[in-house]
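Read through the structure below, which is laid out as structure tokens, and then see the notes.
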Amino acid sequence: MILTDMIKKRILIVGSNGMLGQRLTEYFLKNNDVELLCASSEEKSLIPNVEYKQLDIIQKNDVKKIITNFFPDFILNAAAYTNVDKAETERELCWKINVKGVENLALYSWTIDSQLIHISTDYIFDGKNGPYTENDLPNPISYYGRTKLASENSIKASGTRFTIIRTNVLYGPAKYGRADFVKWVYNSLSNNNQIKIVTDQINNPTYIDDLVQAISKIIYYKKEGIYNIGGKELLSRYDFTKIIADYFNLKKELILPILTKDLNQPAKRPLRSGLINLKAETEFGYNPKSIIETLELMKNELGIK
Ligand SMILES: NC(=O)c1ccc[n+]([C@@H]2O[C@H](COP(=O)([O-])OP(=O)(O)OC[C@H]3O[C@@H](n4cnc5c(N)ncnc54)[C@H](OP(=O)(O)O)[C@@H]3O)[C@@H](O)[C@H]2O)c1
Numbered sequence: 011m012i013l014t015d016m017i018k019k020r021i022l023i024v025g026s027n028g029m030l031g032q033r034l035t036e037y038f039l040k041n042n043d044v045e046l047l048c049a050s051s052e053e054k055s056l057i058p059n060v061e062y063k064q065l066d067i068i069q070k071n072d073v074k075k076i077i078t079n080f081f082p083d084f085i086l087n088a089a090a091y092t093n094v095d096k097a098e099t100e101r102e103l104c105w106k107i108n109v110k111g112v113e114n115l116a117l118y119s120w121t122i123d124s125q126l127i128h129i130s131t132d133y134i135f136d137g138k139n140g141p142y143t144e145n146d147l148p149n150p151i152s153y154y155g156r157t158k159l160a161s162e163n164s165i166k167a168s169g170t171r172f173t174i175i176r177t178n179v180l181y182g183p184a185k186y187g188r189a190d191f192v193k194w195v196y197n198s199l200s201n202n203n204q205i206k207i208v209t210d211q212i213n214n215p216t217y218i219d220d221l222v223q224a225i226s227k228i229i230y231y232k233k234e235g236i237y238n239i240g241g242k243e244l245l246s247r248y249d250f251t252k253i254i255a256d257y258f259n260l261k262k263e264l265i266l267p268i269l270t271k272d273l274n275q276p277a278k279r280p281l282r283s284g285l286i287n288l289k290a291e292t293e294f295g296y297n298p299k300s301i302i303e304t305l306e307l308m309k310n311e312l313g314i315k
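Structure (structure tokens):
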């Protein structure tokens, strides 16, 4: 074994209290080859027994302090302003977090020659002709999408080594915070609540732990550049919801089909979207689970017999 193989990798997870951040934290916490530091906007870590610092990525000096003190080999950025509809009116805050904050991370990542692994989205596309490859031309139709595209561009311009991961509709077993889509559907239908679900938004929902596995492989193989990480199946949100209802034996008649335009949401959504995973599959063996397999895994977590 060569000496560098014996040295622990230092990983900084930013946004560690978020839906993806929590699962990343739980995963790397169990890895003995990793020295982990977590940071997020709240005072305390939601995941116990982890080295944690409160951090607002808008604050350049605080970003500098954490990065230059810890000297991470990899910075995983799972922090973002993620409320797509509110972003239309809270533009300044959304820009500060998603663009200025990411610029700060990229600057100090470059300063210490770290690798920044940043999470982006299919919302950088207009949804006219998805699913998309990494080389398709972005054309965001929401303010959130514009900030996420701007964050990608800031990273590319910063000079730091980087990996940009584009993903879509994350779901999975995050314990804390807001319910993911599967839990929301499960809770609504179990409580006999009708839910309106769009039939015209197509994408490939991504199981969070598949994304965590992909990130772990990107670190292992030191992959740089842009990678799509989506789920196995491309389908409408309505069909996804029906699969969830079927799997958990819930009443499908409570699911009402609706068109996106009739929801009157403040932010536009890409309709024919989704991400082609071929590059990640061929370069590092990304192999996402089927929806049924992921529901099976979530079953225990939802406490269903
Ligand atoms: N969820 C999806 O379906 C989806 C789809 C495609 C791409 N993505 C991308 O995936 C990444 C992770 O998404 P997620 O669903 O896990 O998001 P999330 O649950 O909203 O988590 C984001 C985390 O970032 C933190 N944060 C916000 N502003 C911050 C700041 N200024 N400084 C430090 N931390 C800050 C949030 O803290 P507070 O709660 O205190 O604000 C939260 O803990 C994001 O980049 C998102 O754009 C998500």
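For the sequence shown, the working numbering begins at 11 and goes up steadily by one. C-beta: ideal position from N, C-alpha, C; glycine also.
Own chain, CB closer than 6 Å to residue i, minus 5 neighbours either side, in chain order
i: Arg169; result: A quick correction: the sequence has Gly, not Arg, at residue 169. Correct list, in chain order: Trp120.
i: Gln275; result: Asp95
i: Glu113; result: Ser164
i: Gly137; result: Pro280, Leu281, Arg282, Ser283
i: Arg171; result: Gln125, Glu234
i: Lys227; result: Phe294
i: Pro183; result: Met308, Glu311
i: Lys206; result: Leu266, Ile268
beta-carbon residue i near ligand 1 non-hydrogen atom, thresh 7 Å
i: Asp95; result: no
i: Lys158; result: yes
i: Leu65; result: yes
i: Ser51; result: yes
i: Tyr37; result: no
i: Thr131; result: yes
i: Tyr3; result: Outside the displayed span of the chain (11 to 315) sits residue 3, for which this structure offers no information.
i: Ala167; result: no
i: Met308; result: no
i: Gly137; result: no
i: Leu30; result: yes
i: Leu34; result: no
i: Gly187; result: yes
Outcome for residue i when other beta-carbon atoms lying within 10 angstroms are tallied against a minimum of 16
i: Glu162; result: buried
i: Phe81; result: exposed
i: Gly140; result: buried
i: Gln204; result: exposed
i: Asn87; result: buried
i: Asn197; result: exposed
i: Gly313; result: exposed
i: Ala224; result: buried
i: Asp159; result: At residue 159 the sequence reads Leu, which differs from the Asp that was named. Under this definition Leu159 is a buried residue.
i: Leu65; result: buried
i: Tyr142; result: buried
Nearest-angstrom beta carbon gap, residue j and residue i [assumed within contact, 8 Å]
i: Lys63; j: Val44; result: 17 Å between Cβ atoms; not a contact.
i: Val222; j: Thr157; result: 24 Å between Cβ atoms; not a contact.
i: Ile68; j: Gly111; result: 5 Å
i: Lys242; j: Asn214; result: 7 Å
i: Leu244; j: Ile218; result: Not really, about 18 Å apart at Cβ, beyond 8 Å.
i: Asp210; j: Leu269; result: 5 Å
i: Phe135; j: Asn145; result: Wrong, their Cβ atoms sit about 12 Å apart, outside the cutoff.
i: Leu46; j: Phe38; result: 5 Å
i: Tyr118; j: Val192; result: Going by Cβ atoms, the distance from Tyr118 to Val192 rounds to 36 Å, so no, they are not a contact pair.
i: Thr92; j: Gln125; result: Thr92 to Gln125, Cβ: 23 Å. No contact.
i: Ala277; j: Glu98; result: 5 Å
i: Ala195; j: Ala255; result: Correcting the residue type first, residue 195 is Val in the shown sequence and not Ala. Rounded, the Cβ-Cβ distance is 7 Å, consistent with contact.
i: Ser50; j: Ala90; result: In fact, because the Cβ distance is near 11 Å, the residues do not count as touching under 8 Å.
i: Asn310; j: Pro298; result: The pair is not a contact, with the Cβ atoms about 20 Å apart (cut-off 8 Å).
i: Ile127; j: Ile85; result: 7 Å
i: Leu260; j: Leu305; result: With 8 Å as the limit, Leu260 and Leu305 do not qualify as a contact, their Cβ atoms being about 12 Å apart.
Own chain residues within Cβ distance below 7 Å of residue i, not counting five before or after
i: Cys48; result: Ile23, Ser26, Thr35, Ser55, Val60, Glu61, Tyr62
i: Lys289; result: Glu144, Tyr237, Asn238
i: Trp105; result: Thr157
Beta-carbon proximity list for residue i, same chain, < 8 Å, skipping 5 on both sides
i: Thr177; result: Ile129, Ser130, Thr131, Asp132, Thr216, Leu221, Asn238, Ile239, Gly240, Leu285
i: Lys252; result: Lys262, Ile265
i: Gly187; result: Asn27, Gly28, Met29, Gln32, Leu56
i: Ser246; result: Val208, Thr209, Asp210, Gln211, Ile212
i: Ser152; result: Val94, Ala97, Glu98, Tyr133, Ala277, Lys278, Arg279
i: Ser300; result: Lys242, Glu243
i: Asp83; result: Lys19, Arg20, Ile21, Ser124, Gln125
query: Which runs of the alpha helix (DSSP H), 4 residues or longer, sit entirely within the stretch 205 to 233?
result: 218 to 230
- request: Please specify which runs of the alpha helix (DSSP H), each continuous and at least 4 residues long, are wholly inside the stretch 62 to 123, giving them in chain order.
  value: 70 to 80, 101 to 105, 112 to 121
query: Hey, which unbroken runs of the beta strand (DSSP E) at 3 residues or more fall wholly within the stretch 13 to 42?
result: Here the runs fully enclosed are 19 to 24.
- prompt: Can you list the beta strand (DSSP E) stretches of 3 or more residues lying completely in the stretch 237 to 272, in chain order?
  reply: 265 to 268
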